[in-house]
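Here is the structure we will look at, set down as structure tokens.
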Amino acid sequence: MTCSEFLKELTDYLDGAMDAQTKAELEDHLQWCHNCFVVCNTTKMTIEIYRESHLYELPDDLRGKLRTAILSRCKCSGESKGES
Amino acid sequence: MPTIQPKVEEPAGDELRLVHAAKAGDISAFEELVKRYDRNVFRIANHITQNREDAEDVVQDAFLKAYQNLANFQEQSKFYTWLVRIAVNEALMRLRRRRPERMVSLDEDIKTEEDSMPREVADWAPNPEQLYSQGELKEILGKTIQGLPPSFRTVFVLRDVEGLSTEETADALDLSIPAVKSRLLRARLQLRERLSKYFKNRVGGDGKQ
Numbered sequence: 035m036t037c038s039e040f041l042k043e044l045t046d047y048l049d050g051a052m053d054a055q056t057k058a059e060l061e062d063h064l065q066w067c068h069n070c071f072v073v074c075n076t077t078k079m080t081i082e083i084y085r086e087s088h089l090y091e092l093p094d095d096l097r098g099k100l101r102t103a104i105l106s107r108c109k110c111s112g113e114s115k116g117e118s
Numbered sequence: 012m013p014t015i016q017p018k019v020e021e022p023a024g025d026e027l028r029l030v031h032a033a034k035a036g037d038i039s040a041f042e043e044l045v046k047r048y049d050r051n052v053f054r055i056a057n058h059i060t061q062n063r064e065d066a067e068d069v070v071q072d073a074f075l076k077a078y079q080n081l082a083n084f085q086e087q088s089k090f091y092t093w094l095v096r097i098a099v100n101e102a103l104m105r106l107r108r109r110r111p112e113r114m115v116s117l118d119e120d121i122k123t124e125e126d127s128m129p130r131e132v133a134d135w136a137p138n139p140e141q142l143y144s145q146g147e148l149k150e151i152l153g154k155t156i157q158g159l160p161p162s163f164r165t166v167f168v169l170r171d172v173e174g175l176s177t178e179e180t181a182d183a184l185d186l187s188i189p190a191v192k193s194r195l196l197r198a199r200l201q202l203r204e205r206l207s208k209y210f211k212n213r214v215g216g217d218g219k220q
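These protein sequences, in sequence, are chains A and B.
The first sequence lines up with residues 35 to 118 when you count with our numbering.
The second sequence lines up with residues 12 to 220 when you count with our numbering.
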């Protein structure tokens with residue numbers, strides 16, 4: 035297996051979405067190719083860092099404000115539909 | 012190497028009951044659905060638009076549209092996937108308004124495979140997130156993902172941040188499964204490449220001093 039072949043399979047490998055034979059071939063490649071091992075490991079870390087980053091969390095006060103606005107717009111839209 | 016596990020759990024079995032009640036006009040049932048997914052929609056909208064005010068508008072407009080179109084929800088997919096599809100469309104529309112000079116499309120496939128080939132292969136520090144304060148880390152992550160094309164960061168946020176499956180992501184974005192996989196791979200590799208300069212092992216390296 036070449037490094038570009040490994041890279042093509044990287045997403046399925048990290049997601050655990052592959053058959054046992056392909057997985058074994060990829061892991062064999064990882065045994066001896068340090069560069070692919072680093073790329074694989076740091077890509078996994080990239081995903082985990084974003085997943086755990088709490089980037090763009092919705093603050094409670096804004097959450098309340100948005101919910102009130104959404105429900106009031108929904109009620110208005112329901113009423114205007116009822117009238118028509 | 013252990014695989015990445017999906018973050019989002021299966022929705023509670025009462026979701027369909029809430030959808031049916033909301034369809035019958037029960038606004039409190041719809042409020043429950045808003046409470047369940049408003050944080051997710053806000054995150055997705057922020058990732059796509061990269062603008063907080065736009066994200067707030069997207070949250071409002073997406074839920075309003077969902078409410079108005081509940082009768083058209085066929086229940087063939089999860090309510091959440093259907094809602095995400097609405098939210099993504101709203102977010103892309105706002106992005107197009109802000110950047111009329113640039114075509115914004117989920118179909119864009121602007122560069123060749125070359126752009127994702129790893130160039131930086133230095134290993135990272137064992138706990139890279141601890142190299143920075145919480146505020147610094149958020150700034151780095153925000154700035155880095157902002158640099159990705161919208162079509163890549165949309166797939167990344169749905170698959171890797173929100174934990175949708177490949178099939179659900181394809182369904183929400185109206186893309187084929189190979190298209191989702193290709194964008195996801197390139198998004199992951201490009202983010203990895205850009206984060207390497209902040210997180211690489213500093214022993215003998217030239218990372219942050």
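For each residue, glycine too, the CB sits at the ideal point set by N, CA and C.
Practice item. Note down, in chain order, every chain A residue with its Cβ under 7 Å from the Cβ of Asn57/B. Key: Among the residues of chain A, those whose CB is under 7 Å from the CB of Asn57/B are Tyr90, following chain order.
Review point. So, does the CB of Phe90/B fall closer than 8 Å to a CB anywhere in chain A?
Key: no
Review point. Based on Cα-Cα distance, which residue from Lys192/B, Thr60/B, Asn100/B and Leu106/B lies nearest to Leu184/B?
Key: Asn100/B
Exercise for review: With Trp93/B as the anchor, note down where its alpha helix (DSSP H) starts and where it stops.
Suggested key: Phe90 to Arg109
Exercise for review: List the DSSP bridge partners of Trp135/B.
Suggested key: Lys211/B
Check your understanding: Taking Cβ-Cβ distances shorter than 8 Å, what residues in chain A pair up with Glu42/B?
Key -> Arg101 and Leu105
Check your understanding: In chain A, what lies closer than 8 Å to Ser207/B by C-beta?
Key -> Residues of chain A passing the Cβ test: Thr76.
Check your understanding: Taking the alpha-carbon positions, what's the Tyr209/B to Leu142/B distance?
Key -> 9 Å
Point to revise | Cβ of Thr123/B within 8 Å of any chain A Cβ | key: Here the model assigns Thr123/B a pLDDT of 47, short of 50, so the residue's position is not dependable, and the following value carries that caveat. Not closer than 8 Å to any Cβ of chain A, the Cβ of Thr123/B fails to qualify, so no.
Check your understanding: In chain order, what residues of the same chain have a beta carbon less than 7 Å from the beta carbon of Ile188/B, not counting five sequence neighbours either side?
Key -> Thr177, Glu178 and Ala181
Exercise for review: Quick one: which residues of the stretch 128-160 of chain B get their C-beta closer than 8 Å to a C-beta of chain A? List them in chain order.
Suggested key: For the stretch 128-160 of chain B, the beta-carbon criterion of a distance under 8 Å to any beta-carbon of chain A is satisfied by Met128, Pro129, Val132, Ala133, Asp134, Trp135, Pro139, Glu140, Leu148, Lys149, Leu152, Gly153 and Ile156.
Check your understanding: Beta carbon of Glu204/B, beta carbon of Pro129/B: below 8 Å?
Key -> Between Glu204/B and Pro129/B, the C-beta spacing is below 8 Å.
Point to revise | Below-8 Å beta-carbon distance, Thr80/A vs any chain B residue | key: Yes, Thr80/A lies at the interface with chain B (some Cβ there is under 8 Å from its Cβ).
Review point. Considering only residues of the same chain and omitting the five flanking positions on each side of Glu131/B, which have a CB-CB separation below 6 Å?
Key: Only Glu204 and Ser207 meet the Cβ criterion.
Check your understanding: With 8 Å set as the bound, which would you pick, yes or no: does the beta-carbon of Ile38/B sit closer than that to a beta-carbon of chain A?
Key -> yes
Review point. Thr123/B: buried (16+ other C-beta within 10 angstroms of its C-beta) or exposed?
Key: Unreliable positioning characterises Thr123/B in this predicted model, as indicated by a pLDDT of 47, which lies under 50. The coordinate reading is nonetheless provided below. Under this definition Thr123/B is an exposed residue.
Check your understanding: Considering only the beta carbon of each residue, do Val69/B and Ala77/B sit closer than 8 Å?
Key -> no
Review point. Do Ile81/A and Arg199/B come within 8 Å of each other at the CB atom, strictly closer than that value?
Key: One thing to note: Arg199/B has its Cβ within 8 Å of the Cβ of Ile81/A.
Check your understanding: What's the call for Ala98/B, buried or exposed, on a 16-neighbour Cβ count within 10 Å?
Key -> buried
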